[in-house]
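First up is the structure itself, then whatever we jot down about it.
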Amino acid sequence: MSGYGTTDGYGAADGSGAADGGHGYGAADRGSEELTFAAAPPVRGGAFTRTWWGRAWLKALEDTALDGRQVKEGRRHARAGAVGAVSVRPGRITAVVQDPDGTAYRSDVLVRTLADEEWDRLLDLAVDSAGHIAALLDREVPPHLVEDAAGVGVDLLPGIGDLEPECGCEAWDHCPHTAALCHQVARILDEDPFALLLLRGRGQQAVVDALQARSAARAGGGTAAGPARGAAAGGGGPRGVSAAEAYALRDILPPLPAVPVPDAAPGEPPALDTETDPEPGVEPAALEFLAADAAARAHRLLTELLAGRPAGAAKGLSSGGLSVGGLSAWGLSVGEDAVRLAAGRPPAWVAGRLASGTGRSRAELEAATRAWRWGGAAALAVLEESWTPDEAALAVAEARLAGAWEDGEAPELIRSGARWTAVDARAQLRLGEDGRWWPYRRAGGGWIPVGPADRDPAAAFTAATVEGDRGEDPEGADSGSRSLSE
Numbered sequence: 006m007s008g009y010g011t012t013d014g015y016g017a018a019d020g021s022g023a024a025d026g027g028h029g030y031g032a033a034d035r036g037s038e039e040l041t042f043a044a045a046p047p048v049r050g051g052a053f054t055r056t057w058w059g060r061a062w063l064k065a066l067e068d069t070a071l072d073g074r075q076v077k078e079g080r081r082h083a084r085a086g087a088v089g090a091v092s093v094r095p096g097r098i099t100a101v102v103q104d105p106d107g108t109a110y111r112s113d114v115l116v117r118t119l120a121d122e123e124w125d126r127l128l129d130l131a132v133d134s135a136g137h138i139a140a141l142l143d144r145e146v147p148p149h150l151v152e153d154a155a156g157v158g159v160d161l162l163p164g165i166g167d168l169e170p171e172c173g174c175e176a177w178d179h180c181p182h183t184a185a186l187c188h189q190v191a192r193i194l195d196e197d198p199f200a201l202l203l204l205r206g207r208g209q210q211a212v213v214d215a216l217q218a219r220s221a222a223r224a225g226g227g228t229a230a231g232p233a234r235g236a237a238a239g240g241g242g243p244r245g246v247s248a249a250e251a252y253a254l255r256d257i258l259p260p261l262p263a264v265p266v267p268d269a270a271p272g273e274p275p276a277l278d279t280e281t282d283p284e285p286g287v288e289p290a291a292l293e294f295l296a297a298d299a300a301a302r303a304h305r306l307l308t309e310l311l312a313g314r315p316a317g318a319a320k321g322l323s324s325g326g327l328s329v330g331g332l333s334a335w336g337l338s339v340g341e342d343a344v345r346l347a348a349g350r351p352p353a354w355v356a357g358r359l360a361s362g363t364g365r366s367r368a369e370l371e372a373a374t375r376a377w378r379w380g381g382a383a384a385l386a387v388l389e390e391s392w393t394p395d396e397a398a399l400a401v402a403e404a405r406l407a408g409a410w411e412d413g414e415a416p417e418l419i420r421s422g423a424r425w426t427a428v429d430a431r432a433q434l435r436l437g438e439d440g441r442w443w444p445y446r447r448a449g450g451g452w453i454p455v456g457p458a459d460r461d462p463a464a465a466f467t468a469a470t471v472e473g474d475r476g477e478d479p480e481g482a483d484s485g486s487r488s489l490s491e
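With the first letter of the sequence shown counted as 1, position 470 gets the number 475 in my numbering; the numbers rise by one all the way through.
Encoded structure:
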C-alpha cells in the first residue's frame with residue numbers, strides 16, 4: 006500500500022473529479038471535503054477486497070440490490086477496470102463507469118451522513134481507547150469501535166438499504182454501473198478507511214483534530230467543551246500557567262535539554278566469569294546471555310522512541326510486549342519467552358537448554374521459532390494450541406472462505422476444529438481466534454508455518470501452496486529482537 010505524501014501512490018485532485026497520474030489510488034488534500042481516487046487498473050482472480058470492513062461494504066450492496074445478477078455484472082465491470090476516478094465526499098460517491106461497448110454513465114451512490122450528535126458519540130468512543138485511535142491512524146477499522154458505536158446507536162458501516170443508487174442509465178435499482186462503483190469503493194476502503202468517515206460526513210483532518218481536542222481536554226481534566234469544573238472553581242483540579250506568566254519567565258528558565266542520541270549498538274554486558282565461585286544453581290554464561298538480550302531490547306526500544314516511532318514498538322502487543330499507552334510488563338509465559346530467545350539464533354547450548362527447559366524437542370523448538378518469526382506469541386499459539394470456533398465464529402469463517410475465490414476456483418478443504426486442510430494434504434489454513442488465517446505446509450510428519458497471517462484466506466492459501474518456502478528465514482539475522490515489533 007502506498008503511503009500519503011508519496012508521488013507515485015497518490016495523484017493530486019484538481020477539483021473536477023479527475024486525478025493526475027499515479028499508479029495507485031490518487032487522493033485529494035486530506036483536509037478537504039472531497040477525495041478523488043484515481044482509476045485502478047484491472048484486477049484478476051482472488052478476493053475483490055481483503056479487509057473485513059471492505060467485505061461489510063459489499064455485503065450492504067448485496068443486501069440492498071434486488072437483482073443479484075446486476076451485482077455480479079458490476080463486479081466484472083470493476084475487475085475489467087471500467088470505473089474511472091472515484092470522488093468521495095460527504096454522503097456521496099461518484100464515478101464514470103463504461104460499458105464494454107464504450108458507453109459511459111455517471112454513477113452515484115448516496116450514503117446517509119451522521120448528525121453532529123452522532124459524531125460526538127462516535128468520537129467519545131474512539132478517544133476512550135488509545136487502540137481505536139492508533140488503529141484508525143494505521144488505516145485499520147477496529148471491530149470493537151464499530152460494535153461499540155452500534156451499541157450507542159451509531160452505524161458506522163452501511164447496512165441493508167443504506168447504499169442508494171443514482172445512475173445515468175436511469176435504472177431504478179442498483180445497475181452494473183453503481184455495483185461496479187461500490188466494488189471499486191470497497192478496494193479504496195481497504196487502503197483508506199478515512200474515506201468511509203468522509204462519506205459519513207467528516208474528513209480525516211476534522212476527525213483527527215476532534216480526537217486531539219478531546220484527548221487534550223481529558224488529559225487536562227476537562228472536556229472538549231472547556232476546562233474541568235474543579236479547575237475553574239479552584240476546587241483542586243489541574244491548574245495551568247497563564248500565558249503572560251510563561252512569557253515573563255522565558256529568559257529565566259533554563260532551555261530544554263537536547264534529545265539524547267543513542268549509541269549505534271547496545272553496550273556489552275558485564276563479564277560474570279570471575280574468580281569467585283557462583284552460588285549453587287547460578288550459571289554465569291546463561292546470565293550473560295540474558296543480560297545481552299535485555300540490553301538489545303532496551304536499545305531498540307530507546308532508539309525507536311527517540312526517533313518518534315512508538316507505534317512501531319506498540320506492535321509488540323502481538324508478542325506480548327508493549328501496551329499502546331506505554332511500556333508494561335512483557336507478559337510472556339516461560340514457554341513463549343523461551344521461543345522468543347530461541348528465535349534470536351542463540352548458541353547451540355542455549356537452544357538446547359531452552360528446548361529441554363520447556364519440554365520441547367529440538368525439532369519442536371525449531372517449528373516454534375519459525376512461527377514466532379512470522380507473528381510472535383499469536384503465531385505460536387496457532388502452532389501449539391487448538392481451539393474450536395463457536396457457531397458465530399464458524400459462520401464468519403465459512404463466509405470468508407466462500408467469498409475468497411471466484412466460482413469454481415475454490416480449493417477443496419476439509420475442516421477439523423479451526424484447521425482447514427487441502428484434500429491433497431499438502432497445505433493447510435489455520436484460523437486464529439482473532440479471525441486471521443495462517444498458512445501451513447506439510448513437512449515430514451508434521452505441519453510448519455510458512456507465512457504471516459492474512460485476513461484473506463485466499464492469500465494465506467496461496468502462501469501455503471507456492472513453490473519454495475517463504476518461511477525459511479522470515480526475519481533474517483537477529484530475529485529475536487525483531488520479533489518484538491511483529
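Cβ coordinates follow ideal geometry from the N, Cα and C atoms, glycine included.
Only a predicted model underlies this, so the values are computations on that prediction, with no experimental measurement involved.
Return the residue from the list A301, S92 and V355 that minimises the CA-CA distance to A290.
Within the sequence shown, the letter at position 285 stands for residue 290. When each option's Cα is compared against that of A290, the closest is V355.
Could you tell me which residues DSSP pairs with Q189 in its beta bridges?
For the purposes of this step, residue 189 is identified with residue 184 of the sequence shown, where counting begins at 1. Note: Q189 sits in no beta bridge, so no partner.
Distance check for W379 and A4, CA to CA, integer angstroms please.
The displayed coordinates of the chain run from 6 to 491. Any statement about residue 4 would go beyond what the structure contains.
Which residue marks the beginning of the alpha helix (DSSP H) containing E309, and which one marks its end?
Counted from its first residue, the sequence shown places residue 309 at position 304. That run of the alpha helix (DSSP H) goes P289 to L311.
Enumerated in chain order, which unbroken segments of the alpha helix (DSSP H) with a length of 4 residues or greater are wholly contained in the segment 410-453?
None, since the segment 410-453 contains no complete alpha helix (DSSP H) of that length.
Between V151 and the rest of its own chain, which residues show a CB-CB distance below 7 Å, the 5 nearest in sequence each way excluded?
Taking the first residue of the sequence shown as position 1, residue 151 is located at position 146. Only L161 and L162 meet the Cβ criterion.
Quick check on W425: buried or exposed, where buried means 16 or more other Cβ atoms within 10 Å of its Cβ?
As a first step, residue 425 must be located in the sequence shown, where it is residue number 420. That one is buried.
Could you name the residues that DSSP lists as bridge partners for C172?
Here residue 172 is taken as the residue at index 167 of the sequence shown, counted from 1. The partner list for C172 (beta bridge, DSSP) reads S112.
So the candidates are R375, S361 and G362; which of them puts its Cα closest to the Cα of R350?
Here residue 350 is taken as the residue at index 345 of the sequence shown, counted from 1. Nearest option by C-alpha distance: R375.
At a cut-off of 7 Å, would you count R117 as near the ligand PLP, judging by its Cβ distance to the nearest heavy atom?
Within the structure as shown, the ligand PLP is missing, as the structure has no ligands at all.
Taking 7 Å as the limit between beta carbons, can you name the residues of its chain near A215, skipping five residues before and five after?
Residue mapping note: residue 215 aligns to position 210 of the sequence shown, counting from 1. L128, listed in sequence order.
Nearest to L311 by alpha carbon, out of A372, E122, L337 and A263?
The sequence position of residue 311 within the sequence shown is 306, counting from 1. Here the closest residue by C-alpha is A263.
Taking contact to mean at least 3 C-beta pairs separated by less than 8 Å, is the segment 57-72 in contact with the segment 194-204?
With a cut-off of 8 Å, the segment 194-204 and the segment 57-72 count as touching, because enough Cβ pairs lie within range.
Using a Cβ distance threshold of 8 Å, determine whether the segment 182-191 contacts the segment 70-81, with at least three qualifying pairs required.
The answer is yes - the segment 70-81 touches the segment 182-191, with three or more Cβ pairs under 8 Å.
Report all residues from its chain with a CB closer than 8 Å to the CB of L418; omit the five preceding and five following residues, and keep chain order.
For the purposes of this step, residue 418 is taken as residue 413 along the sequence shown, with counting starting at 1. Around L418: L406, W425, T426, A427, V428 and L434.
How many angstroms separate the CA atom of D459 from the CA atom of W443?
Here the question's residue 459 lines up with position 454 in the sequence shown. Here the question's residue 443 lines up with position 438 in the sequence shown. Each residue's Cα considered, the two are about 7 Å apart.
In three-state terms, what does DSSP make of S366?
Residue 366 sits at position 361 when you count from the first residue of the sequence shown. Coil at S366, not helix or strand.
What does I98 pair with, by DSSP beta-bridge criteria?
In the sequence shown, residue 98 corresponds to position 93, counting from 1. Per DSSP, V93 and V114.
Let me check understanding here. Comparing Cα to Cα, which of E414, I453 and R441 lies closest to A432?
As a first step, residue 432 must be located in the sequence shown, where it is residue number 427. When each option's Cα is compared against that of A432, the closest is I453.
Using the C-alpha atoms, what's the distance from G422 back to A52?
Locating residue 52 in the sequence shown gives position 47, counting from the first residue. Locating residue 422 in the sequence shown gives position 417, counting from the first residue. Roughly 24 Å between the two C-alpha positions.
Nearest-angstrom Cα distance between Q189 and D268?
The residue you call residue 189 lines up with position 184 of the sequence shown. The residue you call residue 268 lines up with position 263 of the sequence shown. Approximately 48 Å, taken between the alpha carbons.
From the DSSP output, which residues share a beta bridge with V88?
As a position in the sequence shown, residue 88 is number 83, starting the count at 1. Paired residues: V102.
Measuring only the C-alpha atoms, how far is L388 from V146?
Indexing the sequence shown from 1 puts residue 388 at position 383. Indexing the sequence shown from 1 puts residue 146 at position 141. Cα-Cα distance, rounded: 27 Å.
Return the CA-CA distance between L399 and E67, expressed in angstroms with no decimal places.
Numbered from its first residue, the sequence shown carries residue 399 at position 394. Numbered from its first residue, the sequence shown carries residue 67 at position 62. One C-alpha to the other measures close to 21 Å.
Here's a check: name, in chain order, each residue in its chain whose Cβ is nearer than 7 Å to the Cβ of C174, leaving out the five neighbours to either side.
Your numbering for residue 174 matches position 169 in the sequence shown. So the list reads Y110, C180 and H182, once near-sequence residues are dropped.
Please go through the same chain and pick out, in chain order, the residues whose beta-carbon is closer than 6 Å to the beta-carbon of L292, but skip the five residues on each side of it.
Residue mapping note: residue 292 aligns to position 287 of the sequence shown, counting from 1. Around L292: L277.
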